[in-house]
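Undergrad: I have a structure here, written as structure tokens, and I will follow up with some questions on it.
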């Protein structure tokens with residue numbers, strides 16, 4: 456996890472941005488789901504059981520996708 460990553464700062468900046476989650480369920484199945492805001496995506500992730508093998512979260516902001524890795528996603532989930 457990036458030591459400089461701040462879940463609160465990230466949420467303050469990107470919380471209202473469309474958020475896409477890419478799941479890797481197993482080596483053959485990948486699923487993508489888009490939400491209107493980051494909190495909706497975080498809530499969905501918290502409700503998933505079992506947790507997918509791989510997760511990448513992408514925020515759509517300023518005309519580009521900003522990816523967040525599993526460690527930073529875990530920090531977002533703990534704090535929100």
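Residue numbers (this note's numbering): 456 to 535.
Cβ coordinates follow ideal geometry from the N, Cα and C atoms, glycine included.
#1: Using three-state DSSP, classify residue 524 as helix, strand or coil.
#2: With DSSP as the reference, label residue 456 as helix, strand or coil.
#3: Does residue 514 pass the burial test, meaning 16 or more other C-beta atoms within 10 Å, or should it be called exposed?
#4: Specify the secondary structure class of residue 534 as computed by DSSP and reduced to three states.
#5: From residue 461 to residue 506, what distance separates their C-alpha atoms?
TA: Put simply:
#1: Taking the first residue of the chain shown as 1, we reach residue 524 at position 69. Of the three classes helix, strand and coil, the one that applies to residue 524 here is coil, per DSSP.
#2: In the chain shown, counting from the first residue as 1, residue 456 sits at position 1. Note on residue 456: pLDDT 45, under 50, position unreliable in the model; the coordinate value appears next. If DSSP states are grouped into helix, strand and coil, residue 456 belongs with coil.
#3: Residue mapping note: residue 514 aligns to position 59 of the chain shown, counting from 1. Label assigned to residue 514: buried.
#4: One-based indexing of the chain shown puts residue 534 at position 79. DSSP places residue 534 in helix when its eight states are reduced to three.
#5: Locating residue 461 in the chain shown gives position 6, counting from the first residue. Locating residue 506 in the chain shown gives position 51, counting from the first residue. Each residue's Cα considered, the two are about 23 Å apart.
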